[in-house]
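Residue numbers (the working numbering): 72 to 416. Heads up, the beta-carbon is just placed ideally off N, CA and C, and yes, glycines get one too. Given the structure is predicted, the values throughout are model-derived calculations rather than measurements.
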């Protein structure tokens with residue numbers, strides 16, 4: 072019995088020892104599991120922080136690349152707009168230059184045709200010598216006459232181009248040279264007329280008046296007669312000289328040359344108003360007598376060619392005339408009127 076009891080006690084002790092070992096082992100395993108979890112979680116946290124940092128860096132890089140791409144797109148769009156604008160400007164310039172070249176070519180061809188036609192007419196002319204039978208002019212003299220006419224027309228066209236560019240002094244000098252060379256015919260008349268316009272545009276009215284009066288006296292049947300006399304009437308009206316204004320208006324009405332011109336009707340209207348006692352400001356009319364400088368010059372008029380006008384070339388710095396007020400009624404002191412602007416034909 073004692074042995075059995077000792078055996079039971081031994082077994083009990085053994086079981087208690089095993090139980091304690093199991094508890095200790097379980098405790099140890101729990102501690103090890105906790106350490107492992109802590110280590111894993113720590114590694115995961117560090118990995119997450121690293122991934123987040125990398126993600127932020129990537130986002131910043133992407134944003135930077137987007138900004139660079141946007142800036143490049145804007146620069147490209149701006150460059151494209153500039154290129155399109157430059158191309159448009161170049162296209163317009165080429166178009167304008169082409170149009171100018173075409174117009175110049177047409178003008179040159181027209182002038183050549185006119186000059187060739189005039190040369191043929193001049194070469195076909197004959198000169199009658201007093202006291203001698205009609206003889207054929209020598210080729211040398213005819214060629215010289217043709218060259219003189221061609222040179223005068225070229226000078227006239229150059230002077231007119233200078234006038235339209237506003238170079239009135241240079242244009243006046245050119246027209247004066249043409250007049251001194253031709254003296255008569257269409258070129259002589261036109262050069263005097265344009266000399267007067269140059270003087271008017273630089274406000275040298277007195278000199279312009281002398282030139283217009285010389286034209287009216289020297290070319291009583293000229294193409295510029297009606298326009299010239301109407302301008303003279305306007306000049307005197309602006310000066311308050313009603314008598315001289317009426318005189319030139321009456322000359323227009325009594326001239327057969329002006330019977331079908333635009334100045335005739337307006338002169339009649341103004342003169343009627345003046346006679347009724349109501350001052351009327353002359354209005355610019357179309358230059359019905361204007362003729363291109365390249366047309367064939369008519370025969371010289373019966374009157375002697377005028378001496379070159381005493382008016383000197385207009386000063387380059389002279390300014391155009393300012394407009395004056397229209398005159399008041401009949402009994403009030405006459406005020407200066409506005410001179411109609413010249414018809415630039």
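Beta carbon of residue i, beta carbon of residue j: below 8 Å?
| i | j | result |
| --- | --- | --- |
| residue 300 | residue 287 | yes |
| residue 323 | residue 338 | yes |
| residue 293 | residue 260 | yes |
| residue 325 | residue 296 | no |
| residue 284 | residue 258 | no |
For residue i, which residues from the same chain have a beta carbon less than 8 Å from its beta carbon, with the 5 sequence-adjacent residues on both sides left out?
| i | result |
| --- | --- |
| residue 345 | 313, 316, 317, 320, 351 |
| residue 91 | none |
| residue 342 | 317, 320, 321, 324 |
| residue 133 | none |
| residue 374 | At residue 374 the pLDDT is 34, less than 50, meaning the model places this residue with poor confidence and gives no usable figure here. |
If you drop the 5 nearest sequence neighbours on each side, which residues of the same chain put their C-beta closer than 7 Å to that of residue i?
| i | result |
| --- | --- |
| residue 226 | 245, 248, 249 |
Closer than 6 Å by C-beta to residue i: which residues in its own chain qualify, once you throw out the five before and the five after it? Chain order, please.
| i | result |
| --- | --- |
| residue 230 | 242, 245, 246 |
| residue 82 | none |
| residue 162 | none |
| residue 142 | none |
| residue 357 | Model confidence at residue 357 stands at a pLDDT of 41, short of 50, so the residue's coordinates are unreliable and nothing is read from them. |
In terms of residues, what are the limits of the alpha helix (DSSP H) holding residue i?
| i | result |
| --- | --- |
| residue 282 | 276-289 |
| residue 242 | 239-253 |
| residue 310 | 296-310 |
| residue 260 | 256-272 |
| residue 317 | 313-325 |
| residue 292 | Careful: residue 292 lies outside any alpha helix (DSSP H) and carries neither H nor E. |
| residue 333 | 333-347 |
Any beta carbon from chain D within less than 8 Å of residue i's own beta carbon?
| i | result |
| --- | --- |
| residue 328 | Absent from the structure is chain D; it holds one protein chain and no more. |
Is any heavy atom of the ligand NAD found at a distance shorter than 7 Å from the C-beta of residue i?
| i | result |
| --- | --- |
| residue 215 | Of ligands this structure carries none, so the ligand NAD is not represented either. |
- [ ] Please determine if the region 267-274 and the region 234-244 are in contact, where contact requires at least 3 C-beta pairs separated by less than 8 Å.
- [x] They touch, by the three-pair rule.
- [ ] Inspect the CB distances between the region 245-255 and the region 274-282 and report whether three or more fall short of 8 Å.
- [x] Flag = no, the region 245-255 and the region 274-282 do not touch.
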